[in-house]
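Colleague: Residue numbers (the working numbering): 83 to 156.
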Amino acid sequence: MRATERYERAWNAFQIHLNHNPKASLIPFLKERHVNHRSMHRWMSEKGYSVRLAKQQIRLLQAEARKECSVALA
């Protein structure tokens, strides 16, 4: 497996992890998966990925889901 594939898998897994824990940090997550943080950070910069933006999107989606759920229950 090439490094870019490993980074892509790690990024996708981190986004899924954010759904369960929006306050999660990338560095400990990468350490668990034995992925080099500096190299991953460079790859993310090249791709235009941002942890801050990913967390914002997750929070917005979760807020919308809560609103829809409360409207459906009313």
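Beta carbons are placed, not taken as given, at the ideal position from N, Cα and C, and that holds for glycine. Please read all numbers here as calculations on a predicted model, not as lab measurements.
Which of helix, strand or coil does DSSP assign to residue 104?
Modeller: Coil, per DSSP.
Colleague: Over what stretch of residues does the alpha helix (DSSP H) that includes residue 119 continue unbroken?
Modeller: Here the alpha helix (DSSP H) through residue 119 covers 119 to 129.
Colleague: Between residue 100 and residue 137, is the Cβ-Cβ spacing less than 8 angstroms?
Modeller: Going by C-beta atoms, residue 100 is nearer than 8 angstroms to residue 137.
Colleague: Can residue 92 and residue 115 be called in contact, C-beta distance under 8 angstroms?
Modeller: Result yes, Cβ atoms of residue 92 and residue 115 sit closer than 8 angstroms.
Colleague: Which of helix, strand or coil does DSSP assign to residue 134?
Modeller: Three-state result, residue 134: helix.
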